[in-house]
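Worksheet: one structure, shown below.
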Amino acid sequence: MSETKIWVSLTAIENIPVREGRSVQVGGRKLAIFNLGNRFLAVENRCPHRGGPLADGIVSGSTVVCPLHAWKIDLVTGSVTNQAENLECVKTFPVRVQDGVVLVELSVGNSDTQSSQPACFVSISHDSSINHSVLGKA
Ligand code: FES
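Each residue of the sequence shown is one higher than the last, beginning at 1220 in the working numbering.
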């Protein structure tokens, strides 16, 4: 099956404060975008334990602590770092910043139902109520 990768604009960098995360809906995907101060990282916004919202977790170094049961997720590798017996991980996504805007690379294609959904609608929600529509391909 063919698969295409596209860069999707998410939001201006100032909408994600340092050491915080934001949930982002891109097509059928739910991502968590984090600002580590010197870079942005993105993972699936679903803890591998019981689906906790990682975007609401506490950022420590390059990890986030799930707000539900404190599993610690490495935002670079997606692996769980404080559960030695658990080999599950979350999906990570390439991120870049261009002209003050955070972009994430997504796969679109026929082999994956979720990734085949249009990546043309983006909304960000969190306590700060960022609500940003759109974007499209970069
Ligand atoms: S749901 Fe994340 S640690 Fe339980």
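Think of the CB as a built atom: it goes at the ideal place given N, C-alpha and C, for glycine as much as any other residue.
Could you check what DSSP says for residue i in three-state terms: helix, strand or coil?
| i | result |
| --- | --- |
| N1234 | helix |
| L1273 | helix |
| T1296 | coil |
| K1310 | coil |
| N1254 | strand |
| E1324 | strand |
| L1260 | strand |
| W1226 | strand |
| E1304 | coil |
| S1281 | coil |
| R1265 | coil |
| S1242 | strand |
Taking all protein chains shown into account, decide if residue i is buried (16 or more other Cβ within 10 angstroms of its Cβ) or exposed.
| i | result |
| --- | --- |
| S1228 | buried |
| L1306 | exposed |
| E1233 | exposed |
| S1334 | Its pLDDT being 38, under 50, S1334 is placed unreliably by the model, and the measurement read from it follows with that caveat. Buried, by the Cβ-count rule. |
| D1293 | buried |
| N1301 | exposed |
| V1295 | exposed |
| G1276 | buried |
For the ligand FES, is there a heavy atom less than 6 angstroms away from the beta-carbon of residue i?
| i | result |
| --- | --- |
| R1265 | no |
| L1287 | yes |
| G1276 | no |
| G1271 | yes |
Is any non-hydrogen atom of the ligand GDP found closer than 6 angstroms to the C-beta of residue i, if you look at the structure I gave you?
| i | result |
| --- | --- |
| W1226 | The ligand GDP is absent from the structure shown, which contains only the ligand FES. |
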